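S.K.:
Residue numbers (the UniProt record's numbering): 1 to 223.
(1) With a cut-off of 8 Å on the beta carbons, I'd call residue 142 and residue 184 a contact; round off their distance for me.
(2) Output the distance between the C-alpha atoms of residue 6 and residue 169, rounded to the nearest integer angstrom.
(3) Considering residue 88, what are the terminal residues of the alpha helix (DSSP H) in which it resides?
(4) Taking its Cβ as the centre, do 16 or more other Cβ atoms sit within 10 Å of residue 230, making it buried, or is it exposed?
(5) List the whole-angstrom C-beta distance separating residue 9 from residue 20, where the pair is believed to meet the contact cut-off of C-beta under 8 Å.
(6) Let me confirm a value: residue 26 is counted as buried when at least 16 other C-beta atoms fall within 10 Å, else exposed. Which label applies?
(7) Can you tell me whether residue 176 is helix, strand or coil according to DSSP?
(8) Can you give the Cα-Cα distance for residue 224 and residue 70, rounded to whole angstroms?
(9) Pairs of beta-carbons, one from the stretch 50-70 and one from the stretch 142-151, closer than 8 Å: are there three or more?
(10) Just the C-alpha distance for residue 194 and residue 24, rounded to the nearest angstrom, thanks.
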């Protein structure tokens, strides 16, 4: 998936921008987390990649933004696949303005016992990266892909049950009606968190079909 994102960044510079959250927001790289990003299997510090998809030539401050999350929980492997496929579809048509974050535990293994939506969330590198993204952008809609059941639901949550921040500044975790501004959709894609590859379907069944395309106001809508 990292190679796919890098390839998109190279092949579609007008609509794709790939960056590492740790580098942009000054977040630490935990030395105990090492990931293999290429075919050679060389271990490097794990990174949280952010893939932004938009028409760079017409970008302005008023453009709506959408946050798409791939794997807040690293052992739910359907989410990253769904997010990458969505990114490929958006780039292919190259007319949908959005921001997509394929954030995940990069080596596909959930070692931390402090889950992102529970008490000590800011002890983890993923939660800090996601929080910095939300502090830096005015997302209006968020879609997060998970695994473990099958449903599409409206998410809700409360920020009042935190118990630990690690070394992360507490002032960056102050929330109110202005920060809670996005409509969040939870997409649970599979009863299994790590389904067999044979259960994921075929690309041909998704893409080799007739798509209805309508152009309006200079924008192309695919549905």
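Idealized CB from N, CA, C, for every residue including glycine. Computed from a predicted model, the values in this text were never measured in an experiment.
M.R.: Considering the structure as presented:
(1) 5 Å
(2) 31 Å
(3) Residue range 78-93 is occupied by the alpha helix (DSSP H) that includes residue 88.
(4) For residue 230 there is no data in the structure shown, the boundaries of the chain being 1 and 223.
(5) The C-beta distance from residue 9 to residue 20 rounds to 12 Å, too long to fall under 8 Å, and the pair is not in contact.
(6) exposed
(7) coil
(8) Here the chain has residues from 1 to 223 only, and residue 224 is not among them.
(9) A contact is defined here as three or more CB-CB pairs under 8 Å, and the stretch 50-70 meets this definition with respect to the stretch 142-151.
(10) C-alpha separation (whole angstroms): 31 Å.
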